[in-house]
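Numbering (our numbering), first residue to last: 254 to 555.
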């Protein structure tokens, strides 16, 4: 990745994060058939916290030091609310449908980043966001059965995740990535370890493996996401969130026997093209800015 600009690297890492989170969502939906949803959420947060703590154990004292404990708490709360709302949605809706609704968050991220972080919001980003949103709307088709009271859950998740992403971008300017990663799931692990006790169900072998897997993949996804938002502006990577729809559709085909129809394929194609367009324009702009900077530093001949 050394040959890529920070923005391009951030986009690639964000894309990998979205892919990882789609696997986490798949595990969550499969696991919700074996244990209560609260136990699924507990496994996601506790597994990530245990794995990250074990990895950082030799330098945990240094990693835990932060100048912004309040923002870390708020950021963790946003993520906990987003995960809780979305995992409950997965237990009541199809994976692709829930993902399609939660994928309104790129619009919220881009607008929030412009409003609170001062990031640019030009016509190219607006075009990429708008095109990807159109693709998502083609897939979910407003007025269809997707829009039920249960649809409020992924909508709440979208608002909370956008708030989490903007806060992560802000913290990334001053905080170490490992500090951010450590505090990401800590609040959820502590709170859910209390709430899960009354509803705890002894997991069978399949459930146990899924619980271990969801903790592992969530740690990887959060690392990739935090690093991506440290390198690239939130508005630049936001359109790639819609790629999660494609993964959700694929998992639905492979694991739940739900196959995409023509509108879903058309919407998916639009989402992919929108992501490619944003990638191309942002990396081209980064190369142009770098060339101009080098040119400006070149001394003029006497």
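In this text, a Cβ means the ideal position worked out from N, Cα and C, and glycines have one as well.
Check each candidate in the options and name the one with the smallest Cα separation from residue i.
i	options	result
residue 410	465, 523 and 357	357
residue 434	292, 291, 417 and 531	417
residue 283	493, 459, 430 and 451	459
residue 404	370, 499, 307 and 350	350
residue 531	382, 419 and 429	382
residue 360	432, 385, 462 and 316	385
residue 440	258, 328 and 276	328
residue 524	323, 499 and 355	499
residue 319	513, 331, 507 and 427	427
Indicate whether residue i and residue j have their beta-carbon atoms separated by less than 7 Å.
i	j	result
residue 292	residue 472	no
residue 352	residue 510	no
residue 407	residue 339	yes
residue 362	residue 491	yes
residue 520	residue 493	no
residue 290	residue 456	no
residue 296	residue 467	yes
residue 309	residue 431	yes
residue 323	residue 481	no
residue 413	residue 334	yes
residue 463	residue 280	yes
residue 484	residue 311	no
I'd like the list of long-range same chain contacts for residue i, defined as Cβ closer than 8 Å, with 5 residues on each side in sequence excluded.
i	result
residue 477	266, 267, 269, 270 and 273
Going by beta carbon distance, what residues of the same chain come within less than 6 Å of residue i, once the five residues before and after it are set aside?
i	result
residue 372	366, 486 and 488
residue 516	391
Does any heavy atom of the ligand PLP sit closer than 6 Å to the C-beta of residue i?
i	result
residue 316	The model on display carries no ligand, and the ligand PLP is accordingly not part of it.
Got a sec? Which residues, its chain only, sit under 7 Å from residue i by beta carbon, not counting five neighbours each side?
i	result
residue 422	366, 370, 482 and 487
Curious, which full-length alpha helix (DSSP H) runs of at least 4 residues does the segment 328-385 contain?
348-355 and 358-369
Quick one: complete beta strand (DSSP E) runs, 3+ long, within the segment 418-453?
none
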